[in-house]
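Numbering (the UniProt record's numbering), first residue to last: 1 to 158. For every residue, glycine included, the Cβ atom is placed at its ideal position computed from N, Cα and C. Worksheet: the structure to be examined is printed underneath.
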């Protein structure tokens, strides 16, 4: 029981890590033969936990640190990259910006997870509730895709 709890805690924490997120936690869970439905729910919860904090505070922290001696260059780079990516997404999506955000987060490619999508939504001054819903739906879609892909890969290996 303790070992199972520790495994669930590990996938919860993995799903909170930027760039890895649920896309790394679900293959971990499947690889260690954890029950899929509870693992899936735990991964979604872990992936979504940072989202409100990213939306509400990341931009403020990046702006605050943009003129600091050691971190300013990196923080400016993050701001410029996020604004550039957000504007490009906005131009392509037009009125379907929230659908584009959902697809951006939901298609599991490198750098397109909940962290990046939420930061872009924050930099674009998108609506908090609509953005969070779009990101959550994207995380659910990414989880389904990763579950199917990981299940197929691990069954092929076995």
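When the alpha-carbon of residue 45 is set against those of 140, 144, 152 and 89, the nearest one is in 140. For the 8 Å CB-CB criterion, residue 150 and residue 27 form a contact. With 16 or more other Cβ atoms inside 10 Å of its own Cβ, residue 48 counts as buried. Per the coordinates, the alpha-carbon of residue 131 lies some 9 Å from the alpha-carbon of residue 55. Per DSSP, the continuous alpha helix (DSSP H) segment holding residue 63 begins and ends at 59–65. Taking C-beta separations shorter than 8 Å and ignoring five residues to either side along the sequence, residue 6 has no partners in its chain. Within 10 angstroms of the beta-carbon of residue 77 lie fewer than 16 other beta-carbons, which makes it exposed. Here the C-alpha atom of residue 111 lies approximately 15 Å from the C-alpha atom of residue 100.
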